[in-house]
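Enquirer: Residue numbers (this note's numbering), protein chains in the order written: chain W, 5 to 627; chain R, 10 to 310.
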Amino acid sequence: MGFLTPINLLWLGGSLALLVLIYLRARARMTVDVSSLMLFEEIGAPVVRRRMLHLDALFWLEAATLSALSLALAGLYLRVIEPITTHRTHALIFDLGAAMGAREGGGSRLDAARAQALAIVAHAAAGTRFSVTGYDLGTHGSHAASIDRRATRAAIEELVPAAVAPRAAALKAALIRAREAAQIDLFTDHAPPPALVADVIDPARLNLHLIGTPAENLAVVSLDPGTPGIRPGHCVIRSFAQHPMRSILTIESDRGERLNFPMIVEPESEVVAPFGPLTRGGLVHAHLATNGDALAADDDRWAYVAPGDAKSRALVLSPDPTVRDDLSRILLGINQNLTVEALAPAQYKKSNDQKSYELVVMHDAYVPGLNAPATLLIYPPPSGAGIVRVGRTLGAIELEDRRESDLADEALMLGRAREVLLPAGSEVIAHSAGSPAQHRIALVAIANDGEQHLGVIAFDVRHHLLMNPDDLEALLLTVQLVRRLTAPEHLRVVNTASYVTFQAPGGATVVEPDGIKRKLPADTSGQVGFMAMSAGRYRLSTPAGESSIYANYFDEDESDLTARPQAEAPALPATAIAHRSEPTAAGVMALGMWLTALAMLTLLAESILLSRDWWSRWTARHV
Amino acid sequence: MLEARAFEPEFLARLDRLALGIKRARTARVGQRTLGRVQGIGIELENFKNYSEGEDLRFLDWNAFARLDDLLLRTYRATRQVEVTLLIDASASMAVPRADDKLGFALLLGAALAYLGVNENDAVRMISFGIRRGKMRLDRSLVCSRREMYPQLKPFVNGIRPEGATRMTAMADELLAQRRSPGLIILISDFLVEPSDYENALSRISAARHEVKVLHVMGERESTGDFHDRMMRIRDIETGEIRELAPGDDAGERYRRRVEELAERLRDFCGRHAITYVRAFGAGNLDRIITGELPRLGLVV
Chain W
5 MGFLTPINLL
15 WLGGSLALLV
25 LIYLRARARM
35 TVDVSSLMLF
45 EEIGAPVVRR
55 RMLHLDALFW
65 LEAATLSALS
75 LALAGLYLRV
85 IEPITTHRTH
95 ALIFDLGAAM
105 GAREGGGSRL
115 DAARAQALAI
125 VAHAAAGTRF
135 SVTGYDLGTH
145 GSHAASIDRR
155 ATRAAIEELV
165 PAAVAPRAAA
175 LKAALIRARE
185 AAQIDLFTDH
195 APPPALVADV
205 IDPARLNLHL
215 IGTPAENLAV
225 VSLDPGTPGI
235 RPGHCVIRSF
245 AQHPMRSILT
255 IESDRGERLN
265 FPMIVEPESE
275 VVAPFGPLTR
285 GGLVHAHLAT
295 NGDALAADDD
305 RWAYVAPGDA
315 KSRALVLSPD
325 PTVRDDLSRI
335 LLGINQNLTV
345 EALAPAQYKK
355 SNDQKSYELV
365 VMHDAYVPGL
375 NAPATLLIYP
385 PPSGAGIVRV
395 GRTLGAIELE
405 DRRESDLADE
415 ALMLGRAREV
425 LLPAGSEVIA
435 HSAGSPAQHR
445 IALVAIANDG
455 EQHLGVIAFD
465 VRHHLLMNPD
475 DLEALLLTVQ
485 LVRRLTAPEH
495 LRVVNTASYV
505 TFQAPGGATV
515 VEPDGIKRKL
525 PADTSGQVGF
535 MAMSAGRYRL
545 STPAGESSIY
555 ANYFDEDESD
565 LTARPQAEAP
575 ALPATAIAHR
585 SEPTAAGVMA
595 LGMWLTALAM
605 LTLLAESILL
615 SRDWWSRWTA
625 RHV
Chain R
10 MLEARAFEPE
20 FLARLDRLAL
30 GIKRARTARV
40 GQRTLGRVQG
50 IGIELENFKN
60 YSEGEDLRFL
70 DWNAFARLDD
80 LLLRTYRATR
90 QVEVTLLIDA
100 SASMAVPRAD
110 DKLGFALLLG
120 AALAYLGVNE
130 NDAVRMISFG
140 IRRGKMRLDR
150 SLVCSRREMY
160 PQLKPFVNGI
170 RPEGATRMTA
180 MADELLAQRR
190 SPGLIILISD
200 FLVEPSDYEN
210 ALSRISAARH
220 EVKVLHVMGE
230 RESTGDFHDR
240 MMRIRDIETG
250 EIRELAPGDD
260 AGERYRRRVE
270 ELAERLRDFC
280 GRHAITYVRA
290 FGAGNLDRII
300 TGELPRLGLV
310 V
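1) When you compare the CB of W:Ser538 with every CB in chain R, is at least one pair closer than 7 angstroms?
2) Are there three or more Cβ pairs, one per stretch, closer than 8 angstroms when the segment 314 to 324 of chain W is compared with the segment 364 to 376 of chain W?
3) Can you tell me which of the three DSSP states W:Arg183 falls into?
4) What number of angstroms, rounded off, separates the C-alpha of R:Ala292 from the C-alpha of R:Asp110?
5) Buried or exposed: W:Gly18, going by 16 or more other Cβ atoms within 10 Å of its Cβ?
6) Go through its chain and collect everything with a Cβ distance to R:Ile246's Cβ below 8 angstroms, but skip five positions before and after it.
7) I'd like to know if the segment 288 to 301 of chain W and the segment 213 to 226 of chain W are in contact, where contact means that at least 3 CB-CB pairs between them fall below 8 angstroms.
8) What does R:Leu66 touch in chain W if you count any residue whose Cβ is under 9 angstroms from its own?
9) Strictly below 7 angstroms CB to CB, what residues from chain R border W:Ser195?
10) When you compare only the Cα positions, how much space is there between W:Pro587 and W:Phe191?
11) Nearest to W:Pro271 by CA position, among W:Leu292, W:Ala95, W:Phe244, W:Leu210, is which residue?
12) Which residue from R:Glu129, R:Ala108, R:Asp98 puts its Cα closest to that of R:Ala115?
13) Under 7 angstroms Cβ-Cβ, which residues of chain R neighbour W:Gly429?
14) With H, G and I counted as helix, E and B as strand and the rest as coil, what does DSSP make of W:Val371?
15) Just to confirm before moving on: does the CB-CB distance between R:Ala174 and R:Val226 stay below 7 angstroms?
16) Using only the alpha-carbon positions, how far apart do W:Met471 and R:Trp71 sit?
17) Using a threshold of 7 angstroms, state whether the C-beta atoms of W:Asn341 and W:Thr231 are closer than that.
18) Output needed for R:Val93: all residues of its chain with C-beta closer than 6 angstroms, excluding positions within five of it in sequence on either side, in chain order.
19) W:Thr600 and W:Thr69 - do their beta-carbons sit closer together than 7 angstroms?
20) Taking 7 angstroms as the CB-CB limit, is W:Thr254 close to chain R?
21) Between the Cα of W:Arg181 and those of W:Ala594, W:Phe134, W:Gly216, spot the shortest distance and give me the residue it belongs to.
22) If we ignore side chains and look at the alpha-carbon of each, how far apart do R:Ser232 and R:Glu12 end up?
23) What are the start and end residues of the alpha helix (DSSP H) that includes W:His127?
24) Tell me the rounded alpha-carbon separation between W:Leu485 and W:Arg259.
25) Which ranges would you report for the beta strand (DSSP E) in the segment 205 to 247 of chain W if only whole runs of at least 3 residues count?
26) Distance cutoff 7 angstroms, beta carbons only. Does R:Glu273 sit that close to anything in chain W?
27) DSSP three-state call for W:Arg496: helix, strand or coil?
28) Can you list, in chain order, the residues of its chain whose CB lies under 6 angstroms from that of R:Arg274, leaving out five sequence neighbours each side?
29) Would a C-beta distance cut-off of 7 angstroms place R:Ile197 and R:Gly119 closer than the cut-off?
30) Grab me the residues of W:Gly511's own chain with a C-beta within less than 7 angstroms of its C-beta, minus the 5 sequence neighbours each way, in chain order.
31) With 16 other CB atoms within 10 Å as the buried threshold, where does W:Met366 fall?
32) Between W:Ala159 and chain R, is the shortest Cβ-Cβ distance under 7 angstroms, so that the two count as touching?
33) Could you pull out every residue in the same chain whose Cβ sits closer than 6 angstroms to the Cβ of W:Glu408, ignoring the five residues on either side in sequence?
34) Is there a Cβ from chain W that is less than 7 angstroms from the Cβ of R:Leu150?
35) Measuring CB atoms only, is the segment 540 to 551 of chain W touching the segment 262 to 280 of chain W, in the sense that at least three cross pairs come out at less than 8 angstroms?
36) May I ask you to list, following chain order, the residues of the segment 238 to 257 of chain R that have a beta carbon less than 9 angstroms from some beta carbon of chain W?
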């Protein structure tokens, strides 16, 4: 059998292997690369009929019993992660900007944020300490870290949105305050800049809850009441909507005039609605009524215009004709209904001593006995001016950098100024530069002289100081002071986030637009003050009478609700957040008992099966 | 390679009469794209208007007041420049089917849109993204803001190689960690990922106040489906997962239905979130897409 030689057998084996390879290669299907299997999900796969294992219940039961007993003897255990519940702090930070007051469905965005926060509180482990902080212009630590759940819930419920745009610095301060917390939950309607967060805290500890869905909004941007009987007014409306919106603009004055303008506002547009001229003036209120408008705070705006039925007169006295000219222009710019007489002080004494004026402005001069409810003294003479005593004259003075003004990056250098000694209870609006400890002098102030309002500007306004664009701050202070002097004492129109002060030595009570009443104590100078954080009417009651303050609100970024993030973006279910964020420690759970119990159960099942077989065989034998 | 056409003069000449459509950034620059007048702080004086109480006194024109006795407010055109970012999916899935040259098609569209941007002097950059060695990597081109700079994009466009998996959420995180000012972002991809991945990514980018536009790219053969074999084995180019396939008579119909279903879901998501969605299936439709679909859907005007 020469054929069966070892060499031939090797050749035979090699040939067979080659045949097998060729056969397998022929059977193998070509593999095609595709971009994704997702595209083929609806195309069927070949049906494979192949059984690898025989199903014998007794075998598998015995195998399970032996496996369970073996694992139990080997000491199998599970590593479990257990939450640490002691001394854990959880900070809840809420955006209280105007956009959080936007209506969505049945509530506001802040309501949605509250619901998420309350769910986190409800699912937190026992012993967790919660702090609650809101931020708008600043931070409001309404609730320090505490394990008292009831107090935490109450603090969350007490949060209210303000009609202001939240400041990034306030958010930063809130994060700094929460820096020690193990977990920080931020509820806002727009994501904070990552760099701001990373600058203060570890971003991994921050759970961002983006609240709200894109919403549509119309806003009253500005209101110019015009000049009664002379110049028409106009109201500017901005649409932050993706669709045309029907709305009715109502212009109403407190002297009985009422105008309605139905309109369709195009998406993402600005509408200028002219009206008037009004016949009587007074407090003018613009109200925008729109279906589907998400934010109510920017739907109202107020402005005050001096009534046109009584022609007012103002007197400007100055030895310098250019100053008289500048001051007259400024007064006419503020109120076009004003009749301004500009004279040198010497000329006035000769002829005009019996007229009554709404405002008297005296520059570097003082004429006693003038009949006017308001007087503005500019650079009062060294000999004194009524209740204002005048000290030394300074060659040059620097105006302080005022916090509420972002106009000047550097302090403004003014010309000459005179040190004035004001009566008690005066309100200083601007000082010279320097710290309070240094010798600072009052540059702009307002005081009451009995029934008369008295304004004082201590610096000189010669050489067109008020018309020089580089010295704009001086002009702004002058305009502000003239408006304060000529406006009715019981009525003010301000923007939200303004600090409003009143002279009320005995304190006052303020009723906010939402009906909340607060008592305001007077400071050492007899003034009360509050920050207008809501849009609408504040009613201030003092022993002298009642005053109204109307706060206007508009902010382009906050009113634009169309670009807000979607609710489904990164927000997690509250329970998931709570579980995810717990600090944990590894633990061990022994499984010996469970495995032994499993072995006993399988043995029991095997016994039942065996008994049933035995019984069936026995009965078969005996039938 | 289709992307080579992006720098041919004949192709560019056809783009010269188009401009990118930008809504949310609300630029106020003069030109075809001026969709809304925005007053802002800028250099270019736009108009005067009467002063009303509460308006910013910084813009009062005191010289005019001195001459005319009327308080006038100066309004300016905002001079903010729109940043246009073109995100190109450079994952491995863009390389198959090889005959479709899907990546080349995406790069051609991306380069065309970049050309439209630099034509308007916008700051334009292209970014390719994909998972490289287990981490999301964003390759950035130069920022071009003038038409003369457009050829400088050529090395970048020619240098992109498809590789790795697609992870859009990771891409969005990486992108938003570095970008700050909102602008226009155009995402060009085949979107062959789990819908939750691209939904999450698009939501995050929108939430950062970017205006987002989506260009859904697929190859001609890939979008139509054609099955000759009765039995076949397919492998996912990104994950390596293998699946046996037994296409029946209606396999082509089922495949196209699935493609339509995935595209419809993406289009629906974009529609609900104010994101412009443009379908670009098949490089053979390039002319129709650029001159018909893109203007019709507002991606260009």
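Even glycine gets a Cβ: it sits at the ideal position worked out from N, Cα and C.
Expert: Reading off the structure:
1) For this step, residue 538 of chain W is matched to residue 534 along the first sequence. No, W:Ser538 lies away from the interface with chain R (no Cβ there is under 7 angstroms from its Cβ).
2) Yes: at least three Cβ pairs fall under 8 angstroms.
3) Translated into the one-based positions of the first sequence, residue 183 of chain W becomes position 179. In this structure, W:Arg183 counts as coil in the three-state DSSP scheme.
4) For this step, residue 292 of chain R is matched to residue 283 along the second sequence. For this step, residue 110 of chain R is matched to residue 101 along the second sequence. If you take the alpha carbons of R:Ala292 and R:Asp110, they lie about 8 angstroms apart.
5) For the purposes of this step, residue 18 of chain W is taken as residue 14 along the first sequence, with counting starting at 1. Label assigned to W:Gly18: exposed.
6) Your numbering for residue 246 of chain R matches position 237 in the second sequence. Once the five neighbours on either side are set aside, the close Cβ partners of R:Ile246 are Ala101, Ser102, Ala104, Val105.
7) yes
8) Working through the second sequence from its first residue, we reach residue 66 of chain R at position 57. Those are Leu411, Leu476, Leu479, Leu480, Val483, listed as they occur along chain W.
9) Working through the first sequence from its first residue, we reach residue 195 of chain W at position 191. Note that residue 195 of chain W is Ala in the sequence shown here, rather than Ser. Within chain R, the residues near W:Ala195 are Ala216, Ala217.
10) Looking up residue 587 of chain W in the first sequence gives position 583. Looking up residue 191 of chain W in the first sequence gives position 187. A caution first: W:Pro587 carries a pLDDT of 49, below 50, which makes its placement in the model too unreliable to give a value.
11) The residue you call residue 271 of chain W lines up with position 267 of the first sequence. If we check each option's Cα against that of W:Pro271, W:Phe244 comes out closest.
12) For the purposes of this step, residue 115 of chain R is taken as residue 106 along the second sequence, with counting starting at 1. The shortest C-alpha separation from R:Ala115 is found at R:Asp98.
13) Here the question's residue 429 of chain W lines up with position 425 in the first sequence. Simply none; closest approach about 28 angstroms.
14) Position 367 of the first sequence, counted from the start, is the residue given in the question as residue 371 of chain W. Coil, per DSSP.
15) Working through the second sequence from its first residue, we reach residue 174 of chain R at position 165. Working through the second sequence from its first residue, we reach residue 226 of chain R at position 217. No, the Cβ-Cβ distance between R:Ala174 and R:Val226 is not below 7 angstroms.
16) In the first sequence, the residue the question calls residue 471 of chain W occupies position 467. In the second sequence, the residue the question calls residue 71 of chain R occupies position 62. About 6 angstroms.
17) Looking up residue 341 of chain W in the first sequence gives position 337. Looking up residue 231 of chain W in the first sequence gives position 227. Taking 7 angstroms as the Cβ cut-off, W:Asn341 and W:Thr231 qualify as a contacting pair.
18) Position 84 of the second sequence, counted from the first residue, corresponds to residue 93 of chain R. So the list reads Gly126, Asp131, Val133, Leu193, once near-sequence residues are dropped.
19) As a working mapping, residue 69 of chain W is identified with position 65 in the first sequence. As a working mapping, residue 600 of chain W is identified with position 596 in the first sequence. No, Cβ-Cβ distance for W:Thr69 and W:Thr600 is not below 7 angstroms.
20) Locating residue 254 of chain W in the first sequence gives position 250, where the first residue counts as 1. Judged by the 7 angstroms Cβ criterion, W:Thr254 is not in contact with chain R.
21) Here residue 181 of chain W corresponds to residue number 177 of the first sequence, with the count starting at 1. Per the Cα distances, W:Phe134.
22) For this step, residue 232 of chain R is matched to residue 223 along the second sequence. For this step, residue 12 of chain R is matched to residue 3 along the second sequence. Their backbone Cα atoms lie some 20 angstroms apart in a straight line.
23) Here residue 127 of chain W is taken as the residue at index 123 of the first sequence, counted from 1. Looking at the DSSP string, the run of the alpha helix (DSSP H) that includes W:His127 is 113 to 127.
24) Locating residue 485 of chain W in the first sequence gives position 481, counting from the first residue. Locating residue 259 of chain W in the first sequence gives position 255, counting from the first residue. Computed Cα separation, rounded: 26 angstroms.
25) 210 to 214, 222 to 228, 237 to 243
26) Here residue 273 of chain R refers to the residue found at position 264 when the second sequence is read from its first residue. Closer than 7 angstroms: no.
27) In the first sequence, residue 496 of chain W corresponds to position 492, counting from 1. DSSP places W:Arg496 in strand when its eight states are reduced to three.
28) Residue numbering aside, residue 274 of chain R sits at position 265 when the second sequence is read from its first letter. Result list for R:Arg274: Pro204, in chain order.
29) As a working note, residue 197 of chain R is residue 188 in the second sequence. As a working note, residue 119 of chain R is residue 110 in the second sequence. Yes.
30) Your numbering for residue 511 of chain W matches position 507 in the first sequence. Answer for W:Gly511: Lys523, Leu524, Pro525, Ala526, Val532, listed in chain order.
31) Looking up residue 366 of chain W in the first sequence gives position 362. W:Met366 should be labelled buried.
32) For this step, residue 159 of chain W is matched to residue 155 along the first sequence. No, W:Ala159 lies away from the interface with chain R (no Cβ there is under 7 angstroms from its Cβ).
33) Residue mapping note: residue 408 of chain W aligns to position 404 of the first sequence, counting from 1. Residue confidence is low: W:Glu408 scores 45 on pLDDT, short of 50, so the model does not pin down where it sits. Its coordinate-derived value is still stated next. Result list for W:Glu408: empty, nothing under 6 angstroms.
34) Mapped onto the second sequence, residue 150 of chain R falls at position 141. Contrary to the premise, residue 150 of chain R reads as Ser rather than Leu in this sequence. Chain W, which has no Cβ nearer than 7 angstroms to the Cβ of R:Ser150, makes this no.
35) no
36) Cβ proximity to chain W below 9 angstroms picks out Asp238, Met240, Met241, Arg242, Ile243, Arg244, Asp245, Ile246, Glu247, Thr248, Glu250, Ile251, Arg252, Glu253, Leu254, Ala255, Pro256, Gly257 from the segment 238 to 257 of chain R.
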